[in-house]
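Residue numbers (this note's numbering): 2 to 324.
We put the CB at the ideal spot given by N, CA and C, even for glycine.
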């Protein structure tokens with residue numbers, strides 16, 4: 002009971018103050034507003050907060066009415082960007098976390114989503130053109146322990162499938178950052194290093210997170226292309242931001258391109274507050290996802306883990322700010 006209460010408190014704090022992938026995509030909008038206010042400042046610092054909450058309570062429900070439900074979701078980001086003369090340096094850290102419980106208090110919480118991302122890109126302008134010599138470093142992991150069935154705190158804690166730094170993915174990419182205009186940019190690295198590490202032997206033995214069989218790690222060297230687009234429509238009340246990240250591993254099946262495509266479509270409700278539809282499309286030939294082979298609506302049953310396409314969608318109320 003204490004652990005359940007602690008988890009609810011953690012989720013509440015996260016719901017009130019954290020954001021993930023959506024923040025990656027709306028940075029251009031926030032930074033544009035900040036630039037007008039801080040023209041003489043070398044740093045622009047800010048972030049975004051998102052909240053998702055759902056609750057249903059039934060007392061002696063009618064036949065066929067269903068079960069009690071409570072769900073929490075939080076999306077949050079912080080960024081710090083620097084610019085002076087030919088130097089450009091962008092930094093972002095984000096967290097997306099959500100869980101729900103269906104049934105009574107004795108039921109464990111089931112995780113909906115859990116991802117931590119951080120990235121830093123340093124660039125130096127080449128001549129007076131639109132190209133920058135750049136290097137990007139990024140990392141991705143998750144926050145809470147996850148057990149079979151995507152449960153967070155089950156009675157049987159023998160089937161641990163993921164936890165903080167198990168897995169974790171690091172990527173280092175030197176390359177060229179080409180800024181076509183204020184809306185569109187391309188980053189290309191011909192020699193990107195990607196490492197997947199599973200910091201738990203029990204989890205590594207499952208071989209579901211991309212690590213090589215019999216080891217805790219996976220190494221890839223390949224080409225990395227990141228395309229970013231942002232724009233505003235309908236008198237700046239509709240904001241669309243999109244990032245496409247592609248990676249081809251020279252060392253293994255380079256024709257199987259890893260993909261991460263995020264989109265954030267926001268409608269401004271009033272100043273700094275918006276309703277956002279956030280989507281993420283993911284595919285990686287080295288990483289298993291949960292699929293539903295038999296069509297029973299339950300993901301991740303025995304024999305239902307395999308590399309495939311994964312899609313995530315969230316509808317949130319978000320508050321954006323600049324310090």
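Open item on the list: Report the CB separation of residue 228 from residue 271 in whole angstroms; it is logged as a contact under 8 Å.
Closed with: No, residue 228 and residue 271 are not in contact; Cβ-Cβ is about 31 Å, not under 8 Å.
TODO: Please determine, among 231, 256, 163, 171, the residue with the shortest C-alpha to C-alpha distance to residue 210.
DONE: 163
Task: residue 203 - containing alpha helix (DSSP H), residue span - done: 202-205
Task: Cα-Cα separation, residue 312 to residue 281 - done: 6 Å
Task: Cα-Cα separation between residue 94 and residue 316, rounded to whole angstroms - done: 21 Å
Open item on the list: Taking 6 Å as the limit between beta carbons, can you name the residues of its chain near residue 160, skipping five residues before and five after?
Closed with: 148, 149
Task: Three-way DSSP call (helix, strand, coil) for residue 265 in this model - done: strand
- [ ] Grab me the residues of residue 179's own chain with a C-beta within less than 8 Å of its C-beta, minus the 5 sequence neighbours each way, in chain order.
- [x] 131, 132, 133, 186, 187, 188, 189
Open item on the list: Counting C-beta neighbours from all protein chains within 10 Å, is the total for residue 238 16 or more, i.e. buried, or is it exposed?
Closed with: exposed
Task: Identified DSSP bridge partners for residue 251 - done: Answer is none; residue 251 lacks a bridge partner.
- [ ] Using 10 angstroms around the beta-carbon of residue 192, count the other beta-carbons present and answer buried if the total reaches 16, otherwise exposed.
- [x] exposed
Task: Three-state secondary structure (DSSP) of residue 36 - done: Note that residue 36 scores 45 on pLDDT, short of 50, meaning its location in the model is unreliable; the coordinates nonetheless yield the value given after this. Three-state result, residue 36: helix.
Open item on the list: Assuming contact is defined by CB atoms lying nearer than 8 Å, are residue 116 and residue 101 in contact in what I supplied?
Closed with: no
- [ ] In angstroms with no decimal places, state the Cα-to-Cα distance between residue 103 and residue 286.
- [x] 33 Å
TODO: Measure how close the beta-carbons of residue 166 and residue 128 come, nearest whole angstrom, since I'm counting them as under 8 Å.
DONE: Contact flag wrong, Cβ pair sits at about 41 Å.
Open item on the list: Beta-carbon within less than 6 Å of residue 266's beta-carbon, same chain only, minus the 5 sequence neighbours each way: which residues are those?
Closed with: 241, 278
Task: Rounded C-alpha distance that separates residue 247 from residue 318 - done: 29 Å
- [ ] Please report the residue range of the beta strand (DSSP E) in which residue 191 lies.
- [x] 185-198
TODO: Please work out which residues of its chain come closer than 6 Å, Cβ to Cβ, to residue 155, disregarding the five sequence neighbours upstream and downstream, and give them in chain order.
DONE: 109, 148
- [ ] Report yes if the CB atom of residue 291 is closer than 8 Å to the CB atom of residue 306, and no otherwise.
- [x] yes
- [ ] For my contact list, residue 184 and residue 231 are in at a C-beta cut-off of 8 Å; report their separation, rounded to the angstrom.
- [x] 6 Å
- [ ] Label residue 137 either buried or exposed according to how many other C-beta atoms from any shown protein chain fall within 10 Å of its C-beta, with 16 as the threshold for buried.
- [x] buried
Open item on the list: Looking only at its chain, what residues have a beta carbon closer than 6 Å to the beta carbon of residue 139, apart from the 5 residues adjacent to it on each side?
Closed with: 120, 172
TODO: State the Cα-Cα distance for the pair residue 249 and residue 174, rounded to the nearest angstrom.
DONE: 13 Å
Open item on the list: Tell me the residue span of the beta strand (DSSP E) that contains residue 121.
Closed with: 111-126
TODO: With DSSP collapsed to three states, give me the class of residue 281.
DONE: strand
- [ ] Determine the extent of the beta strand (DSSP E) in which residue 68 is found, giving its start and end residues.
- [x] Element bounds for residue 68: n/a, residue is neither H nor E.
- [ ] For residue 288, count neighbouring Cβ atoms within 10 angstroms of its own Cβ and tell me buried if that reaches 16, exposed if not.
- [x] buried
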